[in-house]
Every structure is written in structure tokens, then in C-alpha cells.
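Quick notes on the structure that follows.
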Amino acid sequence: MTSSLDALFAPKSIAVIGASASPEKAGYAMMQSLATFTGRLYPINPRGGEILGRRAYASVADLEEAPELAVLVVPPGAVPTALEQCGAAGVRAAVICSGGFAESGDEGAALQERVIQAARAGGIRLLGPNTSGFINPVDGVCANFMPSVTELRAGGVSIVAQSGGVNLALSFMLARANVGLRLAAGLGNAVDVGFVDVLDYLAEDDATTAVGLHVEGVSDGRALMAAVRRVAERKPIVVLKVGKNDVGDFAKSHTGALTGSYQTARQALAQSGAVVVDNPTELVDALTALSQVRLPAGDHAGVGVITGQAGPGLIIADALASRHVSVPTLSDASRATIATLLPPLTYQKNPVDTGRPGETFPAIVTAVTGDAAVDLLAVYALDEPGALDPAGALHNSSVPALFASGGTTAALDARRDALQAIGVPLFDSPDALARGAAAVIDDARAQLRQGQASAGSETPAHGQPLGRVLDEDESKALFEAEGLLLPARRVATDRAAAEAALAELGGPVVVKVLDASITHKSDVGGVHVGVRTAVELAQALDAIDRIPGANPRRYLIEAQAERGVELIVGATRDPAFGPVVLLGVGGVDVELGGEPILTVAPVSTAQALHAIDRLPESIRAGHRGGAAVDRDALARVIVTVGDVICRHDDIQEIDLNPVRLTGTGPIVLDALVVTSTQEQHV
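Structural data, given as C-alpha cells:
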């Protein structure tokens, strides 16, 4: 690593300000953690003396050299002055472990601002405050208040955690999985060094083979997306975003960060090339696999599963299927070969159940990995004495492999080094193996999304504001001008004009109230479908005229579209990520859909097609005899919505709901465009 953060994460000299000879104090624990540091270490304590066998200095100003890093283990009120002294001494970076800043309230926020100003004035890069510090086993620098971190093994996985506590939790979880650390940094309040700084540092670090990212809140989503993209171009990155449930107040009290939109953040980071997981266990399993195995970009990679017992094989196959990972049936040729190697009662299509592994196991591996549909191999077998040498059996695999075994910790540890030497990650259970394999496949898909990316990771250029409030007709005209398909329609300012519109369009028609202040027309009796006759038209107009509000009314008369599945395509402005486009099941078919599919705008055609492919299969194929999705036409709708909200700064929300799938393509039946000046009334 050679960057502006070397002084922070790989310093040659360190001063511990607040070092203590009292074992019960944090300054003592920090000195213990740094005891293995091979550079120059200076305890700073006003009393001087000796701390853990090292001479203590009364002030950083008393040192003969300017230490590159200062670790501050002092009360929060003493931090600004200590930083000023560090700046005067020429210190280049600092870690502030103390809490009691912005996360604690207004008084703490004011104190934090003083810290920021002191660091800026002194030219100091700052990690924290309110952090447990960082762990760098590779370079022997553990600036952390838990001395046991010095026992963590060095390796290739780096962790960036918003929480210092989570940073430690993940580091020890990785250690229990025998995965070594390159760097683990807890950001805390991140007043200076934040996600983007550390991710860019790791992207350029050849010693980092995979990155794990823990996110609570996001302030600049676009910058984070761009940083994730830069990492993903070089190495796998796995993200755990918390905040699915209403924990915002707790998160804010913890690091001073707001959780923001959980789903938007998850899908935005996946869009940027990250593998997104649901919990710490999945994060560790994903990093265990991806620190050693990475497939090329692709959307259709298949997993070959070989198991020494049928039950674990079923668990693996079921878990992979639930994660939409292909376990393809092997070719006739592959199965013919396997049939010569196994008894006839074993299952041989994929998963391949070998029974107790025997001398034919390496040949079975060769047959499965030689199948054109298999891109990754997942193997599970019990650690039975004399039954299988995993490293020997997998050494000649023609595709990357993962291995899991049931056995004692000692038995697995005895296998680990030999497997690691040939690039095979080791797991201790069938479900962990499945999670690791799924992460490898997800990363291949994420790499493909990287190649399909538009400027979605960049901040959209400022466009021209509309400068006015739009009613439904004007909203539809906006998208009609973009080439989208809409029903024929007429605006009527009185009953005579409405009758003329019915005569011109023919029946059936839909009759709506046309009023920009009424955004939920159906709720107030403002939408009437299937109108064919003058009598039905009069009844619809009477109902609309009874809606409280301005008179005379205006009416929108439009041709009624053919039946079909209904979707919603919309857009909004996320506080952290900016314009975001939504695709989901809408209208009367809303019960068919799951979570909405979100894409940060602007949206490329490839990204729009990817979103469409995530719709339920029943929708894409044509629900209840309806028209199947015209992927290209629907992609144009999605791309257009993204372009429009990016083009007009004052558009806060777009709601095309429903967009009905018909034989002639997706047709926009209702359009709502909300601008920043619009007043909404129901």
C-alpha cells in the first residue's frame, strides 16, 4: 500500500496519548495491543515514567521525531487540545477511540466540530471518533483496545465496518473460520476517514483479496457506489447493510448515522458490483469462499455438487435453489462416465451421491468438473479415516472448488493447509458450503452488472426544472413525448366536451377527474371505468362533480385499454442515493409481487432488463393468459422514467401506475409527476 492512509494503517512510528500503567485503563489495553508493533512506539502520559517497559513522555512535543500515527485514548473533552498538540508536532494521522461526540447529542456534536477543525488545521487524517480502532496483522499494527486482536492471523480479507464493535465481531468470526485478516477498520463517527477513503485504499492494495463492508447509514450514496465499484473491478466485495427494521434511533445513538432506506442501499450496492448478504454469518461464509475463489463475469454459472452422503447433498441443493443458483443436470456423457464409477443405486444427475467416498472419487471429480454446465464444484464428505484425501481428490479439478466436511475441529484443521495450498476454501457444514458457493455465483453476476453499468454510480447532471405543477394529462404528455405508449385521451372542460370525447373515442372509456391537487383519484370517486353510454357518462360526471374542491371541474376521457397484468414503474429521490427507479407489480395485481426492484438512475438498458428478469416468473410469462412481458419495450419505459427524473431537478416523484402489459406492449394507464412546489390534497 502506498497512499495518504499509510500513516494511519501502516505507520512506522506511533504515539499513544493517554497511555497508562494501570491495567484497568483503556490506555494500558492499547499499549498491550501495540506490544507486537515492530516500529517505534511512544507512550504519552503527563506523569512520564515507564509503561510496559517503555519510557513514557509527558507530551508529544517532547519526542525527538514526529510520530506518523497518534492513538488518542483520552476523555472526549481532552481530544481537541491533544489533536492541536499532535498537529504542532507534525503527526500525520490519528485514531480517536473516545465516545461522547455527535452520537451523544448537541453538546457532543459541538465537541466533534472542534475535533474536526483541529484535525484540519494540523493536516491530520482522522479515524473515529467513537471507534475501537483498526487491526492490521500483516504489518503487525493493532491499534485497538482489545489486546487479544494480536492473536488474529494474517491473511487476505479486509473489513470496513461502520461500527468498531462489529469490526471486532467480524474479525473474530473470521478467525474462527480460519480466515486471515489483511486489515479491519472500525469507522465510528467517520468525521474524516470514511467508507470511500478506506475502500479506495483497499482497492489498490495487492495484499487484500476480498473486502467485507458493514453499513449502518449512508450520507453520500453515489460516492459509496463509486467506491464499491472501484473495489469490485479488482476483487470481490461483500456488503452487510443493517436497518431492515425500525432501528434508526438506536443506530443514530450509536454512530450518529441514519440508517436511510434499507432496500435502496442494498440494491444500489448490488448494482455497484457487491455481493449483498443478510447477516454476519453469511458475510463470513461469503468471504471465506471469495477470498480464494472468483469466477469470471457471468449470469448462468452452474454448480456441480458431489456428496458422500445423500442428506447433506439435499441440504446443499435446496439451499442453492432458494438462492436462485443453478445446479444443472449433468450431460448424458458425464452421467455415463459416472455410472461406471458408482453403484447403480446412487444418484448421479447432480448432486452426485457417491456413498462413502472410495478410490474412484478423484475420477468422479474429473467427470463432474469436465461437464460443460459446471463452473464451480461444491463437495461435502465426512472426515472418515482412510476414506478420502480431499486435497488429493480436488487437486486436478478443472473448475474452482469448495469443500465442506463433517468432523472434529482438529480433523478439519488437519485438512485446512493442504486445501488452502490448492485454493480450496474449507467449510464445516453443508449450509455454510451452500452459502459460500452462492456468494461465488452472486459475485460472477455482480461482475456482469459491472459491465452493464450506466452512469448510475455517478451524480446525475443537473437538469432543467419543470417549473410548474402537472396534472395527469400534462404528466402523460411528458412521457408521450418520450415515445411511451398511452391510451388515446381527451381533456373536457364541460359536459358537452365530455360527450363529444365519448363519441369520438367510442366505448368503453375511462372517465377521471383532472385536477393536479388530487393525487389519489380513486380514493375520492374520481375514476370511472367501462363507460359506454351517455347515461353512464352523466353518472360518472355527476360523481366527479360531487368531489369537494374547485369548480368547474375538468375531466379526462380516455380509451379503455385491453386487459393485462399491471406493473408499477416509478421514481423518487432518495436522500442518500438521489434518483431511484422502482419496478414492481402494481394495480390490481399487486398481490402477485414481492419486494419492489430498485435501480439507481440513470438506468442503462442492460440494467433495466436485469430488473425485469427479477419480476416473478408468472408475471414475465403472462399471468392468467395475459400478455407476456415485452422485455425491450418495458426496458424503454424504465430507462425513460430514470432519464426524466434525472433531467428535471424539481421532480420529486414519478408514479406510472399501472403500466398494463398488453399485446401491443406496455401501456401507461395513469401518470403522476410530483414536483417540489406541488401541494397534494386528497
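Numbers in my numbering are just positions in the sequence shown, counted from 1, shifted up by 38. By construction, the Cβ of each residue, glycine as well, lies at the ideal position given by its N, Cα and C atoms.
For the alpha helix (DSSP H) containing residue 684, name the first residue and the last one. Annotation: the continuous alpha helix (DSSP H) that includes residue 684 extends over 669-685.
Using the beta-carbon count (16 or more within 10 Å), is residue 648 buried or exposed? It is buried - the Cβ of residue 648 has at least 16 other Cβ atoms within 10 Å.
Residue 262 - DSSP class collapsed to helix/strand/coil: In the three-state reduction of the DSSP assignment, residue 262 falls in the helix class, which pools H, G and I.
Mind checking whether residue 698 and residue 602 have CB atoms under 8 Å apart? Between residue 698 and residue 602, the CB-CB gap stays under 8 Å.
With a threshold of 6 Å on Cβ separation, who are the neighbours of residue 287 within its own chain once the five nearest residues in sequence on each side are excluded? A caution first: residue 287 carries a pLDDT of 48, below 50, which makes its placement in the model unreliable, though a value can still be read off. Counting only Cβ-Cβ distances below 6 Å, and skipping sequence neighbours, we find nothing.
Would you grab the beta carbon distance between residue 471 and residue 418 for me? Rounded to a whole angstrom, and I think it's under 8 Å. With 8 Å as the limit, residue 471 and residue 418 qualify as a contact, their Cβ atoms being about 6 Å apart.
Once you ignore the five residues that flank residue 379 on each side, which residues in its own chain have a CB closer than 8 Å to its CB? Only residues of its own chain outside the window of five on either side were considered, and among them 398, 401, 402, 405 have a CB closer than 8 Å to the CB of residue 379, listed in chain order.
For residue 28, collect the residues of the same chain with a Cβ closer than 7 Å to its Cβ; drop the 5 residues on either side in sequence, then sort them by chain order. Past the boundaries of the shown model lies residue 28; the chain is included only from 39 to 720, so the question cannot be answered.
Look at residue 276 and residue 237 and say whether their C-beta atoms are less than 8 Å apart. Not a contact, by the Cβ cut-off of 8 Å.
Any beta strand (DSSP E) of 3 or more consecutive residues that is wholly inside the stretch 522-606: Taking only runs of at least 3 residues, the beta strand (DSSP E) segments lying wholly in the stretch 522-606 are 527-530, 547-551, 565-569, 593-597.
Note the first and the last residue of the continuous alpha helix (DSSP H) segment covering residue 358. Segment 348-360, the alpha helix (DSSP H) holding residue 358.
With a threshold of 16 other CB atoms inside 10 Å of the CB of residue 566, please say whether the residue is buried or exposed. Sixteen is the threshold: when 16 or more other Cβ atoms of the shown chains lie within 10 Å of the Cβ of residue 566, as they do, the residue is buried.
From what residue to what residue does the beta strand (DSSP E) around residue 279 run? Where residue 279 is concerned, the enclosing beta strand (DSSP E) stretches over 275-279.
Provide the residue span of the alpha helix (DSSP H) that contains residue 306, from first to last. Per DSSP, residue 306 belongs to the alpha helix (DSSP H) from 300-309.
Three-state secondary structure (DSSP) of residue 641: Coil.
Could you check how far apart the C-beta atoms of residue 478 and residue 331 are, in whole angstroms? I think they sit under 8 Å. With 8 Å as the limit, residue 478 and residue 331 qualify as a contact, their Cβ atoms being about 5 Å apart.
Inter-residue spacing [alpha-carbon to alpha-carbon] between residue 412 and residue 63: Answer to the nearest angstrom: the Cα atoms are 56 Å apart.
Do three or more CB pairs link the stretch 249-266 to the stretch 176-192 at distances below 8 Å? No, the stretch 249-266 does not touch the stretch 176-192.
Between which two residues does the beta strand (DSSP E) containing residue 180 stretch? From DSSP, the beta strand (DSSP E) with residue 180 extends over 179-182.
Pair within 8 Å by beta-carbon distance, residue 225 and residue 169: With a cutoff of 8 Å on beta-carbon distance, residue 225 and residue 169 are scored as near each other.
According to DSSP, is residue 412 part of a helix, a strand, or is it coil? Reduced to three states, the DSSP call for residue 412 is coil.
Nearest-angstrom Cα separation, counted from residue 550 out to residue 523: Rounded to whole angstroms, the separation of the alpha carbons of residue 550 and residue 523 is 19 Å.
Given a cut-off of 8 Å, decide if residue 700 and residue 597 are closer than it, judged by their beta-carbon atoms. Cβ atoms of residue 597 and residue 700: not closer than 8 Å.
Can you tell me where the alpha helix (DSSP H) holding residue 79 begins and where it ends? Not the alpha helix (DSSP H): residue 79 falls in the beta strand (DSSP E), residues 78-82.
May I ask you to list the residues that DSSP assigns as paired with residue 196? Beta bridge pairing from DSSP links residue 196 with 221, 249.
Compare the C-alpha of residue 580 against each of 532, 446, 612, 542 and name the closest. When only C-alpha atoms are compared, the closest one is 532.
Cβ atoms of residue 584 and residue 553: under 8 Å apart, would you say? Not closer than 8 Å, so no.
With burial defined as no fewer than 16 other Cβ atoms inside 10 Å of the residue's Cβ, what is the status of residue 547: buried or exposed? Residue 547 is classed as buried because its beta carbon has at least 16 other beta carbons within 10 Å across all chains shown.
Which runs of the beta strand (DSSP E) at least 3 residues long sit entirely within the stretch 60-126? Give them in chain order. Runs found: 78-82, 107-110.
Only counting the same chain, and skipping five residues up and downstream in sequence, which positions put a Cβ closer than 8 Å to that of residue 90? Cβ neighbours of residue 90 beyond the five flanking positions: 59, 66, 69, 70, 73, 81.
Exposed unless 16 or more other CB atoms sit within 10 angstroms - verdict on residue 573: Under this definition residue 573 is an exposed residue.
Residues that DSSP places opposite residue 28 in a beta bridge: There is simply no residue 28 to check, as the chain begins at 39 and stops at 720 in what is shown.
Quick one: is residue 150 buried, meaning 16 or more other Cβ sit within 10 Å of its Cβ, or exposed? Result: buried.
Excluding sequence positions up to five away, which residues of its chain have a Cβ less than 8 Å from the Cβ of residue 317? Excluding positions up to five away in sequence, the list reads 278.
Give the single residue among 329, 258, 638, 539 whose Cα lies nearest to the Cα of residue 575. Nearest neighbour of residue 575 by Cα position, chosen from 329, 258, 638, 539, turns out to be 539.
Leaving out five residues before and five after residue 450 in sequence, what residues of the same chain have Cβ atoms less than 8 Å from its Cβ? Taken in chain order, the residues that qualify are 421, 443, 464, 466.
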